[in-house]
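Here is the structure we will look at.
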RNA sequence: GGCCCGUUCGUCUAGUCGGUUAGGACGCCAGGUUUUCAUCCUGGAAAUCAGGGGUUCGAGUCCCCUACGGGCUACCA
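In our numbering, the protein residues as written are 405 to 914.
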């Protein structure tokens, strides 16, 4: 069994954008496949044609690519087990449903949705909230179990609407192994006879999923915990088909929960709480826009790293992982059992760590477009220097601006609090002297500038705190920014001189 | 309601074979460095391991019960 090639699939349904919980499921599948040298497959589960959302499939593919999750086989790159879209596989499912009818594991049911609805309503009115089409109730329904063979054939030949339901055996404890939780036992009497094949000619998820996993030689099914209740059905389907010996192993991942309150994370939570739930921005066909991690300024590596640690950890204190490190250290054994609330603050911290690891060159490339937008013309070399100087202060690339704008534009105002605290009648003369001192420096760099400044202050026994802050004030407009000598070095002699004199002029009028 | 799963600092979690001052991270608070801001460093508060019973010399770790939370309960996935 263990010698079987590892083949896992991510099988989303294109009913809307994929949210971060779905991305995490895809990620864990990918990590597991790569860890074991296996295949990662994308299968689109679009058996419900009424829920099809245009653009969703494309969105899913783009999102996973952004996350650097690449498929070995799938709907967009093919493979020898295709097609990989269930609507394109429509013709193969009916024969499998028929096979189950033949061997007694399934039956035709002719009850209409309306009839079933009425029965449920009637039961509910009597306070019975648990009516289901199951081992007891099926005896009183209209199906091939209660009708004669002749009547059934008659109905079928008249093209009567029907579904095919799974026939659970009576009172059997169905055992199924979940790789994360261990053995789960459910009695068949509590399960309902799930529809396997719908009256519209399409299989339901349950049938399609099992048939496709079998046909595609899937070795492990790694999916969200919301599927745990249907694991017994799936296990029984493998048995009914006679495929138990090649049944995949199951692992149900704990859910991602809302950061506040309760319940699983949903599409609506993001913009309600001010953080993205989607990898990429999504525009619904109706025009509704939901924000994405990418557009919010998150690096793909940071996003992936963060979601990897939601429900899984390496058992070490390492928190920053490259994709390769995730692959190397991943194991289902180390996936937790309980749901995780997502913390937007920690997400920011991850991004900050990744931003810091970028080189000045990488950041400058990302920052340049933002500068262009502001109509700022500056050499890439200079931007590289500036990025290196301020990158520790930013969480997102876009933050670079608020930490460096003064390199690109003269102060438009001066912080009054600083003026009040530091400025006095002696300052203008001192700053003018500083200005000429700076213009006299021969070997102009931050070290010589710093040296020159200190020498002057000490020689004249000036109040460092006061003078330095005033110098900073006229250069950047307030009490902010990196080392003053670095600022002077980047601005250059001329610009420094201009800013000093302009500052003195304006502040003297205060 | 029924079935299933879960429960360690506010949050993510370590603790997987019973013996730990229950560790780390985010966030928070304080001090320090930085003449500024941010960073950084140091320190701190923060979990009676959901509660109660067992088993045991000894339980966060094993068993049972309860509570709470979550998922599922469609001709949706």
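Each residue gets a CB set at the ideal place from its N, CA and C atoms; glycine is no exception.
Considering only residues of the same chain and omitting the five flanking positions on each side of residue i, which have a CB-CB separation below 6 Å?
i: residue 742; result: 658
i: residue 930; result: No information on residue 930 is available, as it lies outside the stretch 405 to 914 that the chain covers here.
i: residue 449; result: 415, 417 and 490
i: residue 483; result: 477
i: residue 620; result: 485
Taking 9 Å as the threshold (C-beta atoms), are residue j and residue i in contact?
i: residue 488; j: residue 478; result: yes
i: residue 876; j: residue 891; result: yes
i: residue 708; j: residue 473; result: yes
i: residue 732; j: residue 439; result: yes
i: residue 843; j: residue 905; result: no
i: residue 475; j: residue 445; result: yes
i: residue 871; j: residue 815; result: no
i: residue 600; j: residue 610; result: yes
i: residue 602; j: residue 451; result: yes
i: residue 759; j: residue 799; result: yes
i: residue 429; j: residue 628; result: yes
i: residue 514; j: residue 564; result: yes
i: residue 689; j: residue 458; result: yes
i: residue 612; j: residue 493; result: yes
Give the DSSP-derived three-state secondary structure of residue i in the structure shown.
i: residue 709; result: helix
i: residue 745; result: strand
i: residue 913; result: coil
i: residue 607; result: strand
i: residue 527; result: helix
i: residue 422; result: coil
i: residue 405; result: Here the model assigns residue 405 a pLDDT of 47, short of 50, so the residue's position is not dependable, and the following value carries that caveat. It is coil, neither helix nor strand.
i: residue 459; result: coil
i: residue 799; result: coil
i: residue 499; result: helix
i: residue 440; result: coil
i: residue 562; result: coil
i: residue 593; result: helix
i: residue 869; result: helix
i: residue 622; result: coil
i: residue 655; result: strand
i: residue 733; result: helix
i: residue 509; result: coil
i: residue 584; result: coil
i: residue 598; result: coil
i: residue 805; result: helix
Around the Cβ of residue i, are there at least 16 other Cβ atoms within 10 angstroms (buried) or fewer (exposed)?
i: residue 788; result: buried
i: residue 818; result: buried
i: residue 706; result: buried
i: residue 605; result: exposed
i: residue 623; result: buried
i: residue 636; result: buried
i: residue 537; result: buried
i: residue 702; result: buried
i: residue 560; result: exposed
i: residue 517; result: exposed
i: residue 751; result: buried
i: residue 589; result: exposed
i: residue 597; result: buried
i: residue 443; result: buried
Who are the near neighbours of residue i in its chain, counting only those whose CB is closer than 7 Å to its CB and skipping five residues on each side?
i: residue 426; result: 416
i: residue 874; result: 826, 827, 831 and 835
i: residue 730; result: 435 and 712
i: residue 761; result: none
i: residue 673; result: 662 and 681
i: residue 724; result: 709 and 757
i: residue 861; result: 868 and 871
i: residue 648; result: 642
i: residue 719; result: 738
Would you grab the beta carbon distance between residue i and residue j for me? Rounded to a whole angstrom, and I think it's under 8 Å.
i: residue 850; j: residue 792; result: Between residue 792 and residue 850 the Cβ distance is about 12 Å, and since that is not below 8 Å, they are no contact.
i: residue 754; j: residue 710; result: 5 Å
i: residue 544; j: residue 535; result: Not quite, the Cβ-Cβ distance comes to about 11 Å (not below 8 Å), so this is no contact.
i: residue 885; j: residue 810; result: 6 Å
i: residue 510; j: residue 546; result: That belief does not hold up - the Cβ atoms of residue 510 and residue 546 are roughly 16 Å apart, past 8 Å.
i: residue 645; j: residue 583; result: The pair is not a contact, with the Cβ atoms about 22 Å apart (cut-off 8 Å).
i: residue 574; j: residue 615; result: Not confirmed; about 25 Å, so no contact.
i: residue 404; j: residue 736; result: Since the displayed the chain opens at 405 and closes at 914, residue 404 lies outside it and no answer follows.
i: residue 903; j: residue 878; result: 6 Å
Kindly list the residues whose CB is nearer than 8 Å to the CB of residue i, restricted to its own chain and excluding five residues on each side of it in sequence; keep chain order.
i: residue 617; result: 413, 625 and 652
i: residue 470; result: 683, 684, 698 and 704
i: residue 889; result: 850, 851, 853, 854 and 857
i: residue 405; result: Summary for residue 405: the model assigns pLDDT 47, below 50, so the residue's position carries little reliability, and this model does not support an answer.
i: residue 577; result: 589, 590, 591 and 592
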